[in-house]
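Enquirer: Residue numbers 1 to 108, in full-length UniProt numbering, belong to the letters of the sequence shown in order. All C-beta atoms in this analysis are idealised placements derived from N, C-alpha and C, irrespective of residue type, glycine included. Could you have a look at this structure, given as structure tokens, before my questions?
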Amino acid sequence: MGGGTKNWLDIDFIPSGGIGEHFHQFSKLVGMSCSSHAFFRLIWLACVWVIWKERNNCILKNVASDPFTLSDKVKLNSFLWLKTNQPSFVFSYHDWCRHPLLCMGVHI
């Protein structure tokens, strides 16, 4: 997870091990409610998708984006997935970008 995503979520996270361990560690952050775990899995998968597409752009089109653009793509992709697949997700994109933890029901 890039620094932009960690800053957006306002979490401290030090990944360890391989990709599977990283996924498990990120999606079940200690101190976060069980209901937030699905949101964190979604954000992790959105990060992987953005990195995958960025890698393809670098290799195939010789184009690279800055980390802030990639972080914005993670926010947008995760928001669009939530709006499409979770009818109970009633927040705006602005809410999602400014207060993702509150949108997940996490109150720290």
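Got a sec, what are the start and stop residues for the alpha helix (DSSP H) Gly-4 sits in?
Expert: Mapped onto the sequence shown, residue 4 falls at position 4. Segment 3-9, the alpha helix (DSSP H) holding Gly-4.
Enquirer: Is Ser-36 near Val-106, with beta carbons less than 8 Å apart?
Expert: The residue given as residue 36 occupies position 36 in the sequence shown. The residue given as residue 106 occupies position 106 in the sequence shown. Yes; because the gap between Cβ atoms is below 8 Å, this pair is in contact.
Enquirer: Between which two residues does the alpha helix (DSSP H) carrying Lys-53 extend?
Expert: Counted from its first residue, the sequence shown places residue 53 at position 53. Residues 37-56.
Enquirer: Over what stretch of residues does the alpha helix (DSSP H) that includes Pro-87 continue unbroken?
Expert: Translated into positions along the sequence shown, residue 87 becomes position 87. Per DSSP, Pro-87 belongs to no alpha helix (DSSP H) and is neither H nor E.
Enquirer: Just the C-alpha distance for Gly-4 and Cys-34, rounded to the nearest angstrom, thanks.
Expert: Within the sequence shown, residue 4 is the residue found at index 4, counting from 1. Within the sequence shown, residue 34 is the residue found at index 34, counting from 1. Their Cα atoms are separated by approximately 24 Å.
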